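Its first residue numbered 6, the sequence shown is counted upward by one per residue in my numbering. For each residue, glycine too, the CB sits at the ideal point set by N, CA and C. Nothing here was measured: the structure is a model prediction, and the numbers come from that model. Working notes, structure below.
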Amino acid sequence: MKINSIINRYLFKEMMLPFIINIVFFTFVFLMTKILDITNLIVNYKISMISVFLILLFSVPRFLSFVIPMSVMMAVLLTFIRLSNDKELVALKAGGVSIYGLMPPVLVFCVMGAVLSCLITVYGMPWGTVSMKELTFQVAASHVDAGLKERTFNDSFKDVMLYINKIDLKKKILMDVFIEDKRSQNIVSTVMAPKGRMFAEPDKLLFHLKLYQGTINQVNLENRSAHSINFDSYDVNLDFKKSFTASKGGPEDEDEMSFGDLRQYLKTFPQKNEQYYTALIELHKKFSIPFACFALGILAVPLGIQSESAKRSTGLGLGMVFFLIYYIMLSAGSVFGEAGVYPPVVGMWVPNIALGGLGLFLLIRSANDRSVKVMSFINFFKKKFKPSSKKT
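Take a look at the structure:
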């Protein structure tokens, strides 16, 4: 019993280090993908470092909800690859410890990852999404032009679609402006201008565009008539107030809702439609993603045991492949679930059941000393995709 407890503590410590390293590494990668946006906000819009830090902080929960299950799998996989390469598994088997005897610390580790991931999906993600929305509008109040991007359709303003081809931030000049305005009842206005300027009233959450030498095309949907107007200058007022008030009024989107809010929200639908399925998917996702810690963690054990001659880099690639398979299956399940092709519960839980079932199957084979030929599979693809060197 004492020997088993020593082994359990040893394995748990071995898994903890790669788990932390993976979390830190993928968080660093996530921050690197945001470096251009961060630089743009600081240099061009003079946004404070505190606001930038908060933007990153509020983005982290959604990112971590997937990183934690992946890190659990990587930690277990790399630990068992090392044990296999160092012949420690052979020594443990010779000492009477079976593969099943090594599972308790793995399962405890998976429970730890699942609980942490569940806290993030149930509490962290709604908090991060709502906080990000509120911060976005606070930033917009003082830097209204921060939300504008070149060659991007912007629908931040209610009933207005804005497109700007080029922006001169220093002179506040806009080039090749296109606006679709549906704010007037039964009238759709399309405004095009080669040049314009922007002005902001931060305190009032107002954004003004002054356009020059352009054209207004108006279509009256009720009278089925259309006419065109050329102008020398034209003022367009865009209002953030309604959007800002909506963000303060409580969660509106499914990903902003807590578990309790989602359950109450689902009861408001008299019949099942796409919005109902979207909310139901979000509800199941709060628990299916954390449960992936078990499915991927169990799968990692036989993969690590059978990868006796594999390097750590190979193990990392192998883990990434299986996590990519899981993510593709989850994304497909989300798409088909929202469309009502099959129940959302199927789309959200089948990836866990499939990979968890595969893990149990391979674990039983490994425990019975039956090879699953993982390295043969890896070497096959290495030879398949390795560039051929031609002699000259």
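Test: residue i CB closer than 9 angstroms to a CB of chain D
| i | result |
| --- | --- |
| Leu-335 | The chain labelled as chain D is not found in the depicted structure, where only one protein chain is given. |
Neighbourhood of residue i by C-beta distance below 7 angstroms, restricted to the same chain and skipping five residues each side
| i | result |
| --- | --- |
| Met-79 | Pro-23, Asn-27, Leu-321, Gly-324 |
| Phe-341 | Tyr-347, Gly-352 |
| Glu-19 | Thr-84 |
| Arg-343 | The sequence as given places Glu at residue 343; Arg does not occur at that position. These residues qualify, in order along the chain: Glu-279, Tyr-282, Thr-283, Ile-286. |
| Ser-122 | Ser-70, Ile-73, Pro-74, Ile-294, Pro-295, Cys-298 |
| Phe-63 | Gly-133, Ser-136, Met-137, Leu-140 |
| Asn-170 | Glu-155, Arg-156, Met-180, Asp-181 |
| Thr-273 | none |
| Ser-339 | Ile-286, Gly-352 |
| Leu-363 | Leu-304 |
| Phe-236 | Gly-219, Ile-221 |
| Pro-349 | Tyr-282, Leu-285, Ile-286, His-289, Gly-342 |
| Gln-269 | none |
Beta-bridge partners of residue i, as assigned by DSSP
| i | result |
| --- | --- |
| Thr-38 | None; Thr-38 has no bridge partner. |
| Gln-223 | Ser-194, His-232 |
| Tyr-239 | Leu-216 |
| Arg-202 | Ile-178, Lys-215 |
| Ile-184 | Leu-167, Val-196 |
| Asp-260 | Partner(s): none; Asp-260 has no beta bridge. |
| Ile-172 | Leu-179 |
| Asn-13 | Paired residues: none, contrary to the question. |
| Tyr-27 | At residue 27 the sequence reads Asn, which differs from the Tyr that was named. For Asn-27, which the question treats as bridged, DSSP gives no partner whatsoever. |
| Asn-159 | Leu-167 |
Neighbourhood of residue i by C-beta, 8 angstroms cutoff - its chain only, sequence neighbours within 5 removed
| i | result |
| --- | --- |
| Ser-10 | none |
| Leu-271 | Tyr-281, Ala-284, Leu-285, Leu-288 |
| Asp-374 | none |
| Leu-226 | Asn-191, Ile-192, Val-193 |
| Phe-17 | Pro-110, Val-113, Phe-114 |
| Asp-258 | Thr-134 |
For residue j and residue i, believed in contact at Cβ under 8 angstroms, the rounded distance
| i | j | result |
| --- | --- | --- |
| Ala-305 | Val-81 | 4 angstroms |
| Val-196 | Asp-186 | 7 angstroms |
| Phe-35 | Phe-71 | That belief does not hold up - the Cβ atoms of Phe-35 and Phe-71 are roughly 11 angstroms apart, past 8 angstroms. |
| Pro-66 | Met-117 | With 8 angstroms as the limit, Pro-66 and Met-117 do not qualify as a contact, their Cβ atoms being about 18 angstroms apart. |
| Ile-310 | Leu-365 | Not really, about 14 angstroms apart at Cβ, beyond 8 angstroms. |
| Ser-233 | Thr-220 | 6 angstroms |
| Leu-301 | Leu-360 | 6 angstroms |
| Val-144 | Ile-52 | 6 angstroms |
| Arg-202 | Lys-175 | About 12 angstroms separates the two Cβ atoms, so there is no contact after all. |
| Ala-372 | Tyr-105 | 6 angstroms |
| Leu-167 | Ile-184 | 6 angstroms |
| Ala-424 | Gln-218 | No answer is possible for residue 424: the residues shown for the chain start at 6 and end at 397. |
| Lys-39 | Leu-61 | 7 angstroms |
| Val-102 | Ile-12 | 7 angstroms |
Residues near residue i by beta carbon distance below 6 angstroms, same chain, minus five either side
| i | result |
| --- | --- |
| Val-3 | Here the chain comprises residues numbered 6 to 397, so residue 3 is not present and cannot be evaluated. |
| Leu-335 | Pro-356 |
| Arg-164 | It should be pointed out that residue 164 corresponds to Asp in this sequence rather than to Arg. Excluding sequence neighbours, Asp-164 sits near Lys-187, Arg-188. |
| Phe-204 | His-213 |
| Ala-251 | Bear in mind that the predicted position of Ala-251 carries a pLDDT of just 48, short of 50, making it unreliable; the figure below should be weighed with that in mind. Cβ neighbours of Ala-251 beyond the five flanking positions: none. |
| Lys-253 | Bear in mind that the predicted position of Lys-253 carries a pLDDT of just 48, short of 50, making it unreliable; the figure below should be weighed with that in mind. So no residue of the chain qualifies. |
| Glu-261 | Pro-131, Thr-134, Val-135 |
| Ile-25 | none |
| Phe-31 | Val-72 |
| Ala-231 | Val-224 |
Residue i: CB within 8 angstroms of a non-hydrogen atom of the ligand SAM
| i | result |
| --- | --- |
| Leu-288 | No copy of the ligand SAM occurs in the structure displayed, which carries no ligand at all. |
Segment contact flag, the stretch 257-266 with the stretch 324-342, C-beta cutoff 8 angstroms, min 3 pairs
no
For the pair the stretch 59-75 and the stretch 89-103, tell me if three or more CB-CB distances fall below 8 angstroms.
no
Spell out a yes or no on whether the stretch 42-49 and the stretch 128-142 are touching, meaning 3 or more CB-CB pairs, one atom from each, closer than 8 angstroms.
no
In chain order, which continuous runs of the alpha helix (DSSP H) of length 4 or greater are located wholly inside the stretch 66-143?
93-99, 108-124
Per the contact definition of three or more C-beta pairs closer than 8 angstroms, is the stretch 274-282 in contact with the stretch 104-113?
no
My parser needs the alpha helix (DSSP H) runs of 4 or more residues fully inside the stretch 265-303; what are they?
none
Any chance you could list the alpha helix (DSSP H) runs of at least 4 consecutive residues sitting entirely within the stretch 320-372, in chain order?
349-372
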